[in-house]
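Residues 1 to 699 in my numbering are what the sequence shown lists, from first letter to last.
Even glycine gets a Cβ: it sits at the ideal position worked out from N, Cα and C.
Worksheet: one structure, shown below.
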Amino acid sequence: MLPYELTQSVTGGNTIDSIIETANQLYKVIQLQDAYQDTDQGSKEEHEHAKEHMIVTSKSIGGEIVEERLPEMPTTGGTGLERAKSAPLRNLSPPVSLIRLLKSTLLRLKRNLKHMQSLQSDVEKELKEQLESLTLVVKGVEPSTALHMSSAEQMEKSLDYMIKKLLDLISMVPVSLEKLDKKKESTDQEDDGSNNHRRRVVCLPAIHGTEKDLKGLAVSRDVQGKFEKLSSAHLRICLLSFAVFPENQEVNGTMLMYWWIGEGILPDGDKPEVAVKNILKEFTEKKLIEPVRNKYKVEPSSYKMTPFVHSSVVLISKEIGLFDMYHQGTKPTMNKSALNKVCLVEGSSSEARARGRIMDADGIETVFNVSERFPDFTYRWFSSMKNLKVLYLGSWQRSVSDIEMHNRRVMKDLGFLRKLRLLSFQGISTIKSLSRSASKLTELIVLDLRGCDYLEKLPDDIHKLKNLVYLDMTGCDALESIPLGLSWLSSLEVLKGFVIRDDEKATTCHLMNLVHLQRLRKLSIIVDRVEFRLDALFGDIAGFKALEKLKLRWGRRISLSKKQLEDRKPRSIPDIRRAPEEGYHLPKQLRKLDLQRFPDSELPGWLQPQNLKGLEKLHLRSWTDLKGFGALPKKPTDCGVTVLRLTCLQKLKVDWRELRQLYFPKLNFVEMYECPGVTFCPCDEDGIWRSDEWEGVSK
Numbered sequence: 001m002l003p004y005e006l007t008q009s010v011t012g013g014n015t016i017d018s019i020i021e022t023a024n025q026l027y028k029v030i031q032l033q034d035a036y037q038d039t040d041q042g043s044k045e046e047h048e049h050a051k052e053h054m055i056v057t058s059k060s061i062g063g064e065i066v067e068e069r070l071p072e073m074p075t076t077g078g079t080g081l082e083r084a085k086s087a088p089l090r091n092l093s094p095p096v097s098l099i100r101l102l103k104s105t106l107l108r109l110k111r112n113l114k115h116m117q118s119l120q121s122d123v124e125k126e127l128k129e130q131l132e133s134l135t136l137v138v139k140g141v142e143p144s145t146a147l148h149m150s151s152a153e154q155m156e157k158s159l160d161y162m163i164k165k166l167l168d169l170i171s172m173v174p175v176s177l178e179k180l181d182k183k184k185e186s187t188d189q190e191d192d193g194s195n196n197h198r199r200r201v202v203c204l205p206a207i208h209g210t211e212k213d214l215k216g217l218a219v220s221r222d223v224q225g226k227f228e229k230l231s232s233a234h235l236r237i238c239l240l241s242f243a244v245f246p247e248n249q250e251v252n253g254t255m256l257m258y259w260w261i262g263e264g265i266l267p268d269g270d271k272p273e274v275a276v277k278n279i280l281k282e283f284t285e286k287k288l289i290e291p292v293r294n295k296y297k298v299e300p301s302s303y304k305m306t307p308f309v310h311s312s313v314v315l316i317s318k319e320i321g322l323f324d325m326y327h328q329g330t331k332p333t334m335n336k337s338a339l340n341k342v343c344l345v346e347g348s349s350s351e352a353r354a355r356g357r358i359m360d361a362d363g364i365e366t367v368f369n370v371s372e373r374f375p376d377f378t379y380r381w382f383s384s385m386k387n388l389k390v391l392y393l394g395s396w397q398r399s400v401s402d403i404e405m406h407n408r409r410v411m412k413d414l415g416f417l418r419k420l421r422l423l424s425f426q427g428i429s430t431i432k433s434l435s436r437s438a439s440k441l442t443e444l445i446v447l448d449l450r451g452c453d454y455l456e457k458l459p460d461d462i463h464k465l466k467n468l469v470y471l472d473m474t475g476c477d478a479l480e481s482i483p484l485g486l487s488w489l490s491s492l493e494v495l496k497g498f499v500i501r502d503d504e505k506a507t508t509c510h511l512m513n514l515v516h517l518q519r520l521r522k523l524s525i526i527v528d529r530v531e532f533r534l535d536a537l538f539g540d541i542a543g544f545k546a547l548e549k550l551k552l553r554w555g556r557r558i559s560l561s562k563k564q565l566e567d568r569k570p571r572s573i574p575d576i577r578r579a580p581e582e583g584y585h586l587p588k589q590l591r592k593l594d595l596q597r598f599p600d601s602e603l604p605g606w607l608q609p610q611n612l613k614g615l616e617k618l619h620l621r622s623w624t625d626l627k628g629f630g631a632l633p634k635k636p637t638d639c640g641v642t643v644l645r646l647t648c649l650q651k652l653k654v655d656w657r658e659l660r661q662l663y664f665p666k667l668n669f670v671e672m673y674e675c676p677g678v679t680f681c682p683c684d685e686d687g688i689w690r691s692d693e694w695e696g697v698s699k
């Protein structure tokens, strides 16, 4: 029976706050019940213990998110293995998962409501400004005289600008589901066991319903002209790929690179990263896209397309048959385009063609998930898609991770897709393992598993992916080990999410095995082995001749029992942490180094600034014991670091002048967060310092 306080109505605040408050109370009850179930006797003492140990969560009070403490699960006694602290939550009871989903949904709704309130005043202000502009245009036109050419051009320019501003406003206003045509709504909501039809579907902005008018506008003709002047057909396809994303939506450069690699439209010669950077720079210079400015980044990593340019790009892509999503007066739909592209949109899994084999899958080259939450219905097409090159079922947005796949046939039937070049499951948390069928994808170049939180296992015969260049497992913290066959992937250049565990077996790939990957340029590692010394780590990677970027994170998932921890002798700690000063160095091509949670209080000599001559970017994060960068140099070092990021270094003691003039004399960008011991620091309120801005102020 629920406790008395849960049956009382929650007073004060708005309805959303009240629901969140009640959900938090229910969460407390469930956590306490689980705690009782996990104890042997359910005694009163353990009940008090559960109350004393709290975990931090959040709730909304008066529109603000505040911390609330909830009971933590009591730990079991004895010598059994403890749960690793940073391991993902497993075996959550359905109510707990649903409560968390309920709370996140309510908070999202609350943010949207706030946005709508402020939007109304913004729209009214903008409309008044446009009315004034239109009035000036009218006053400048004499009805009794012919319109001069220059005046006509000026008037057209003014009207085009006004229309653009109004379209920006339209794009900000969501289309209510209740306003859809009832007949269309009933068609969209055919029930096949999915609940997709309950989620709001945003229709295409009204601009796409007036294609003739759009073509007649100067801005549309300008986009068309720039499109036609692009130097190659591949470059034009790169631009038109923005048509599948919503207008003004941030699109990450890495995602675009993976997609364009899969399509095979990047120019030969340059590295893909360089090629994509140059393409996006060209689009930016032509004002076809806009970089998303982020003061924490030296260079932009995301881009967006304004509504008017997006409208024109959508129209062009439709005319040439590249994408067939948009139709006048209706929401986006899933169709096979003339150029064999299929975009999954919200509600695709509810369509009749998704429930059977109505879709003509033969010849399809690309399946890209734009907004479908349940994309696993696509397995029905696998046996027919002999020419498929891109299968992007995951989320293209890093912040969205509510895509689910429950059908095992998706993994089982992957082997049909023998020409696949890109496979992305980004953000699909329901994936626990990658099946052996995936090893049949011998043409695969990019395997994107970012954000697959519960992924535990890769196929043992992964060595068959002989053309794999990018293996991205960023955020796959539940991964148990890496199969030895990975060290045979001679084409691999980028490996993110490599894990080093305590329980490695003979069939596990060790760090030293990666020396055979002669092309490896980027490597990120999670270290969860108790006795893994820093000198051993850098000794293993010293032979990585092509390595340019390295990221190391010491994890918190070390599985030791309480007794093992208590019995560990103090002298063993120096054995773990102390590294010999001689004979170690960074790989010669290394340009970027990111170290997180390193357990020592000092940098080894070979990692101190005077020995980092070739390094350009250095990021030190969450070093709880780091006190300094070594002995203070008498003169500026030869350190090549120009970008320095220091995050959560509570014990670091250094003067800014020493940091800037002696340790790292070539700095031009610094990010600093929670480093109270860095004195006289000129960083701004966001912890950012740039040499160009500082020199401008100094002058």
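- One alpha carbon belongs to lysine 588, the other to isoleucine 541, and they sit about 11 Å apart.
- Exclusion of the five residues before and after arginine 236 leaves Phe227 and Leu230 as the residues of its chain whose Cβ lies within less than 7 Å of its Cβ.
- Contact between the region 408–426 and the region 293–310 is absent: fewer than 3 CB-CB pairs across the two stretches fall below 8 Å.
- For the 9 Å CB-CB criterion, asparagine 340 and glutamate 365 form a contact.
- Contact check for leucine 434 against proline 459 passes: the beta carbons are separated by less than 9 Å.
- Bounds of the beta strand (DSSP E) holding serine 302 are 302–304.
- Counting only runs of 4 or more residues that sit fully inside the region 346–429, the alpha helix (DSSP H) segments are 352–355 and 409–412, in chain order.
- Taking every protein chain shown into account, the CB of alanine 352 has fewer than 16 other CB atoms within 10 angstroms, so this residue is exposed.
- Three or more Cβ pairs closer than 8 Å define a contact, and the region 667–681 falls short of that threshold against the region 276–283.
- The beta-carbon distance between lysine 457 and threonine 442, rounded to whole angstroms, is 21 Å. This is too long to meet the 8 Å contact definition.
- By the C-beta density criterion, histidine 406 is exposed, having fewer than 16 other C-beta atoms within 10 angstroms.
- A straight-line Cα-Cα distance of about 42 Å links lysine 304 and tryptophan 606.
- Burial is judged here by how many other beta carbons sit within 10 angstroms of a residue's own beta carbon; histidine 510 has fewer than 16 and is exposed.
- Taking the Cβ atoms as the reference, arginine 436 lies roughly 20 Å from aspartate 472, outside the contact range of under 8 Å.
- If you look at arginine 221, you'll find it in the alpha helix (DSSP H) that goes 218–229.
- Using a Cβ distance threshold of 9 Å, glutamine 608 and proline 636 do not count as a contacting pair.
- In this structure phenylalanine 680 touches tryptophan 656 by the C-beta definition: roughly 4 Å separates them, less than 8 Å.
- Distance from the CA of leucine 134 to the CA of proline 246, rounded to the nearest whole angstrom, comes to 29 Å.
- When rounded, the separation of the alpha-carbon atoms in lysine 551 and proline 332 is 40 Å.
- The continuous beta strand (DSSP E) containing isoleucine 500 extends over residues 494–501.
- With contacts defined by Cβ atoms closer than 9 Å, tyrosine 379 and aspartate 413 form a contacting pair.
- Nearest to phenylalanine 498 by C-alpha distance, out of Asn513, Ser491, Ser490 and Gln610, is Asn513.
- With fewer than 16 other CB atoms across the displayed protein chains lying within 10 angstroms of its CB, serine 601 is exposed.
- Scanning Ile482, Asp453, Val494 and Val469 for the CA closest to the CA of glycine 475 turns up Asp453.
- Bounds of any beta strand (DSSP E) do not take in isoleucine 316; it lies within the alpha helix (DSSP H) bounded by 307–320.
- Straight across, the Cα-Cα distance linking threonine 254 with lysine 139 is about 50 Å.
- Around the Cβ of histidine 310, a 10 Å sphere holds 16 or more other Cβ atoms; the residue is buried.
- Rounded to whole angstroms, alanine 478 and isoleucine 526 show a C-alpha spacing of 11 Å.
- In this model, glutamate 493 and leucine 266 are separated by some 17 Å (Cα to Cα).
- Glutamate 671: member of the beta strand (DSSP E) spanning 669–673, first to last residue.
- In its chain, beyond the 5 residues on either side, Val298, Glu616, Lys617 and Phe669 have a beta carbon closer than 7 Å to the beta carbon of valine 643.
- Counting the other CB atoms within 10 Å of its CB gives alanine 631 a total below 16, which places it among the exposed residues.
- Secondary-structure assignment with DSSP links valine 137 through no beta bridge to anything.
- DSSP lists Asp655 as the bridge partner or partners of threonine 679.
- Collapsing the DSSP output to three states places serine 232 in coil.
- DSSP places lysine 505 in the coil class of the three-state scheme, outside both helix and strand.
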